[in-house]
Each structure stands twice: as structure tokens, then as C-alpha cells.
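S.K.:
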Amino acid sequence: MTNAEFSAMVSCLGHHLQHERQQRGLSLAELATGLCPVDQLQAIEAGQTIPAPELLTGLCRRLKLPLHQLTQTGYVMRRQLAFSRRVETLVRRQQPVKLVTYLNNRDRLATLRTDRDLQAYYYYYGCSVFQATGDAVRASQQFQTALALMTPQRPHRYQSLELVTLATQNYVEAQAGRSDDAGFALAVKMIREDRVLDSHDALGTIYYLYAATLFRRGEATMAGQILQEGVAWAVQHQTSARLVDDFILLATYAEAVQTVSV
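Now the structure itself:
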């Protein structure tokens with residue numbers, strides 16, 4: 001990532017924070033109190049500096065912005081709309097233990113007849129299992145069940161849910177020692193080549209999970225490249241679904257790569 005590219009991302013971060021603050025009717029002083037000096041927050045919003053990850057996390061929490069969300073909403077189980085709405089509510093509230101219990105209902109599962117509904121069910125189930133228990137093997141089994149419902153098994157184009165599931169499975173398995181990035185690589189390749197059948201905000205999570213995995217592995221330069229691509233994708237598609245998490249990773253990148261400056 002060049003200095004110019006990094007500066008552009010820092011500017012995007014600042015504008016996003018300013019927008020979220022103004023949307024909530026907060027003054028600079030109200031947001032900064034107890035976290036940082038007002039002039040530092042002004043500089044952050046102006047894109048002149050990037051905050052440390054801890055400060056950025058504190059600012060985002062005060063703004064009540066969602067952080068570190070593994071699960072993406074927006075995939076409706078059409079045969080059970082009330083059930084689907086409850087699932088999304090539990091996801092947004094970040095209550096994975098309750099979500100596992102709620103999803104573990106054979107009677108409701110039996111009413112889901114379409115492959116699309118079942119894919120969504122097993123995606124949500126896999127995410128909630130991992131978040132609630134940390135059991136990567138069990139979570140991956142749910143993702144694999146969802147992926148087995150793809151038709152055909154090696155399609156030329158993919159649904160966004162299929163790519164998000166592939167990337168999430170790769171992320172979860174990486175926590176248990178998986179060293180390859182095949183799921184991430186395929187998902188990003190499909191986005192780059194415009195081979196995704198539906199445009200969905202959740203596609204942004206692919207870049208975030210990929211970059212987070214690379215950072216954890218110590219591959220900061222590659223992580224920065226994927227992160228930059230993810231932010232560019234979000235800006236192009238006018239979605240802020242994963243921007244906050246992306247920006248916290250950007251702050252982590254800035255600490256890891258000391259030679260980069262605004």
C-alpha cells in the first residue's frame with residue numbers, strides 16, 4: 001500500500017466517523033470526552049491522523065457502531081419469516097448462545113424446503129456455534145452442509161451467501177490451524193471478476209475476514225492490500241456494513257507497518 005493509498009483510507013475513516021457522529025447529534029466534545037482531546041478527534045475526522053486501535057474502538061463503541069461481527073444479516077428464510085426475523089434480531093444483538101438454542105429446533109428446520117432457505121439456516125447456525133462455543137470443527141460442519149446445497153457444485157457464478165459462507169468457513173478453520181486461503185481466494189476472485197449473481201452488503205465481510213486472518217498470521221503487507229480492496233469495494237457500493245471493522249484493522253496495520261505515514 002502506497003502512502004497516497006493509505007492517506008486516502010485514513011481520510012475515508014475520518015469522514016465516516018464524522019458522518020456517524022453528526023447523524024447521532026453529538027458534538028466533538030461529547031464524543032471525545034474521556035477518550036481523547038477534542039483537537040485529536042478533529043484531526044482524525046479531517047483525515048490528518050489515524051487513531052490507535054484502542055481509541056478507535058472506544059469511539060466506535062460510544063457511537064454504538066457494531067464491532068467484530070462474524071455473522072452477516074440480510075439472508076431471509078422465506079418459508080419462516082417470523083423465525084428469520086428473530087434470527088436477525090439475535091444476530092444484531094450479538095447473542096450467539098441464544099441464537100444456537102433458537103436455531104436448534106427440528107420442527108422449524110423441517111419447514112425449510114428450499115435450498116436457499118437451508119443455506120441461510122446452516123450459515124447462521126455455523127456462525128452462532130463458533131461464536132458461542134469456539135468449536136471450529138462443529139461450526140465448519142454446518143458451513144459445509146450449506147455449501148453442499150450449491151447447484152451445481154462448481155458453478156461459474158455464485159450467490160453472495162455461498163461466497164460469504166466459503167470465506168467464513170476459511171476464517172473459522174484458520175482459528176483451528178488451517179493454513180491455506182482457498183475459500184478466501186475463490187470468494188475474492190469471484191468478486192473481482194464480477195461473477196456474483198446478487199449484490200449484497202455482506203460481500204464486504206469477505207475482505208474483512210481475509211485481512212483479519214492475514215494479520216493474525218503476521219502477513220501485514222498482504223493484509224493491507226486486501227483491506228484496501230475491501231474499503232474500496234465498500235465505498236464503490238455505498239455500504240458501511242463492515243467499514244468500522246475495516247478501519248480498526250487499518251489502525252492495526254498502521255501500527256504493524258511503521259514505515260507508512262499519512
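Counting with UniProt numbering, you get residues 1 to 262 for the letters of the sequence shown. Think of the CB as a built atom: it goes at the ideal place given N, C-alpha and C, for glycine as much as any other residue. All values derive from a computational prediction rather than experimental measurement.
Where does Tyr122 fall in DSSP's three states?
M.R.: Position 122 of the sequence shown holds residue 122. Residue state, collapsed to three classes: helix.
S.K.: Under a three-way DSSP split, which group does Val196 fall into?
M.R.: Here residue 196 refers to the residue found at position 196 when the sequence shown is read from its first residue. Correct three-state label for Val196: strand.
S.K.: List the endpoints of the continuous alpha helix (DSSP H) containing Asn3.
M.R.: Reading the sequence shown from its first residue, position 3 is the one you call residue 3. It spans 3-23 - the alpha helix (DSSP H) in which Asn3 sits, taken as one unbroken run.
S.K.: What three-state label does DSSP hand Tyr75 in the structure shown?
M.R.: Here residue 75 corresponds to residue number 75 of the sequence shown, with the count starting at 1. Three-state DSSP puts Tyr75 in coil, outside helix and strand.
S.K.: Given a threshold of 16 other Cβ atoms within 10 Å of its Cβ, counted over all protein chains shown, does Thr259 qualify as buried or as exposed?
M.R.: By 1-based counting over the sequence shown, the position of residue 259 is 259. Confidence at Thr259 is low in this model, with a pLDDT of 46, below 50, so the placement of that residue is unreliable and no value is reported for it.
S.K.: Identify the continuous alpha helix (DSSP H) that holds Thr205 and give its terminal residues.
M.R.: Sequence index remark: in the sequence shown, residue 205 carries index 205 (1-based). 204-217 is the extent of the alpha helix (DSSP H) around Thr205.
S.K.: Could you tell me which of Ala185, Ile191, Arg157, Thr71 sits nearest to Asp245, measuring between CA atoms?
M.R.: Taking the sequence shown and counting its residues from 1, one reaches residue 245 at position 245. Nearest of Ala185, Ile191, Arg157, Thr71 to Asp245, Cα basis: Thr71.
S.K.: Looking only at C-alpha atoms, which of Ala110, Asp194, Thr133, Ala202 sits nearest to Ala241?
M.R.: To locate residue 241, count along the sequence shown from 1; it is residue 241. That would be Ala202, whose Cα lies nearest to the Cα of Ala241.
S.K.: Check whether the segment 77-96 and the segment 43-63 touch, using three or more Cβ-Cβ pairs below 8 angstroms as the test.
M.R.: no
S.K.: Could you check where the alpha helix (DSSP H) with Asp180 kicks off and where it finishes?
M.R.: Translated into the one-based positions of the sequence shown, residue 180 becomes position 180. Asp180 -> no alpha helix (DSSP H), and no H or E assigned at all.
S.K.: Among Gln23, Leu59, Leu13, which residue has its Cα nearest to the Cα of Ala46?
M.R.: Position 46 of the sequence shown, counted from the first residue, corresponds to residue 46. Closest option to Ala46, Cα to Cα, is Leu13.
S.K.: What does the alpha-carbon distance come out to for the pair Leu249 and Ala29?
M.R.: Taking the first residue of the sequence shown as 1, we reach residue 249 at position 249. Taking the first residue of the sequence shown as 1, we reach residue 29 at position 29. Each residue's alpha carbon lies about 25 angstroms from the other.
S.K.: Would you call the CB atoms of Leu55 and Arg61 closer than 8 angstroms?
M.R.: Residue mapping note: residue 55 aligns to position 55 of the sequence shown, counting from 1. Residue mapping note: residue 61 aligns to position 61 of the sequence shown, counting from 1. No, they are not a contact pair.
S.K.: Three Cβ pairs or more, each shorter than 8 angstroms: is that satisfied between the segment 190-206 and the segment 222-240?
M.R.: Enough Cβ pairs lie closer than 8 angstroms, so yes.
S.K.: On the DSSP letters alone, give me the boundaries of the alpha helix (DSSP H) that Ala256 sits inside.
M.R.: The residue given as residue 256 occupies position 256 in the sequence shown. Per DSSP, Ala256 belongs to the alpha helix (DSSP H) from 243-256.
S.K.: Measure the Cβ-Cβ separation of Gln80 and Thr111 and say whether it is below 8 angstroms.
M.R.: Mapped onto the sequence shown, residue 80 falls at position 80. Mapped onto the sequence shown, residue 111 falls at position 111. Yes, the pair counts as a contact, with Cβ atoms nearer than the cut-off.
S.K.: Measure the Cβ-Cβ separation of Ala176 and Tyr210 and say whether it is below 8 angstroms.
M.R.: Translated into the one-based positions of the sequence shown, residue 176 becomes position 176. Translated into the one-based positions of the sequence shown, residue 210 becomes position 210. The Cβ-Cβ distance between Ala176 and Tyr210 does not fall below 8 angstroms.
S.K.: For Gly230, count the other beta carbons within 10 Å of its own beta carbon; 16 or more makes it buried, fewer makes it exposed. Which is it?
M.R.: Within the sequence shown, the letter at position 230 stands for residue 230. It is buried - the Cβ of Gly230 has at least 16 other Cβ atoms within 10 Å.
S.K.: For Gln169, does the count of other Cβ atoms within 10 angstroms reach 16, so buried, or fall short, so exposed?
M.R.: The residue labelled residue 169 in the question sits at position 169 within the sequence shown. Gln169 comes out buried.
S.K.: Does the beta-carbon of Val97 have 16 or more other beta-carbons within 10 angstroms, so that it is buried, or is it exposed?
M.R.: As a first step, residue 97 must be located in the sequence shown, where it is residue number 97. Val97 is exposed by the Cβ-count criterion.
S.K.: How about Tyr207 and Leu161: do their beta carbons lie closer than 8 angstroms?
M.R.: One-based indexing of the sequence shown puts residue 207 at position 207. One-based indexing of the sequence shown puts residue 161 at position 161. No, the pair does not count as a contact, with Cβ atoms beyond the cut-off.
S.K.: So is Glu173 buried or exposed if we call it buried at 16+ other beta carbons inside 10 Å?
M.R.: Here the question's residue 173 lines up with position 173 in the sequence shown. Answer is buried; the Cβ neighbour count reaches 16.
S.K.: Give a yes or no on whether the C-beta atoms belonging to Gln119 and Leu163 are separated by under 8 angstroms.
M.R.: On the sequence shown, position 119 is the one that residue 119 refers to. On the sequence shown, position 163 is the one that residue 163 refers to. Going by C-beta atoms, Gln119 is not nearer than 8 angstroms to Leu163.
S.K.: Buried or exposed: which applies to Asp39, given that a residue is buried once 16 or more other Cβ atoms fall within 10 Å of its Cβ?
M.R.: On the sequence shown, residue 39 is found 39 positions in, with the first residue counted as 1. Asp39 comes out exposed.
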